[in-house]
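Residue numbers (the numbering used here): 9 to 177.
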């Protein structure tokens, strides 16, 4: 009996079969480790804030400022969330003030920089584009041309992690 590949449900059947075969041969982790040999050095919330802020400054200079960026242990990938972008609006006097916060699942504290970049780009894109539509993904690929490959590889990693129960980095 084969287990369902819940993180790869939207991919073509032949892709899912290839992943299933790699899992059966216990090779998926080795392939990911070879492609992404090292974990990133963003170890704390301040470093994460600086990393995301640098991306924002490079690609979204005219976008609203990001007020807070943190690793969040309450985000569970089981709920299909790798990170969250929240906007909090408050009335201050006669003005409406909006604060933007980005939270990244703590499990991505130990992952390749490409995975962290994909999540950061995804959450930053929500500052300008709220829905996961064509404009949203166009903005993601503008900020990171390899966005779709990294997203697929994150899904492979989550599949590997669920299958083996051990982290690669």
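For each residue, glycine too, the CB sits at the ideal point set by N, CA and C. Note that the structure is a prediction, hence the values are computed from the model and not measured.
According to DSSP, residue 80 shares a beta bridge with 113. The beta carbon of residue 94 is closer than 6 Å to those of 109 in its chain, skipping five residues each way along the sequence.
Boundaries cannot be given for residue 18, as no alpha helix (DSSP H) includes it and DSSP labels it neither H nor E. Between the segment 23-40 and the segment 160-170 there are three or more inter-stretch CB-CB distances shorter than 8 Å, so the stretches are counted as touching. For residue 46, the closest of 148, 28, 52, 118 by C-alpha to C-alpha distance is 118.
The C-beta distance from residue 137 to residue 144 rounds to 4 Å, short enough to fall under 8 Å. Per DSSP, the beta bridge partners of residue 104 are 99. Within the segment 132-168, not a single complete beta strand (DSSP E) segment reaches 3 residues in length. Between the beta-carbon of residue 77 and that of residue 56 there is about 5 Å, and that keeps the pair under the 8 Å contact cut. Of 173, 146, 174, the smallest CA-CA separation from residue 67 is found for 146.
Pairing residue 167 with residue 16 gives a Cβ-Cβ distance under 8 Å.
Counted as a single uninterrupted DSSP element, the alpha helix (DSSP H) harbouring residue 40 occupies residues 36-43. Taking every protein chain shown into account, the CB of residue 35 has fewer than 16 other CB atoms within 10 angstroms, so this residue is exposed.
Taking a 10 Å sphere around the C-beta of residue 74, we find 16 or more other C-beta atoms and assign the residue as buried.
Taken through DSSP and simplified to helix, strand or coil, residue 75 comes out as strand.
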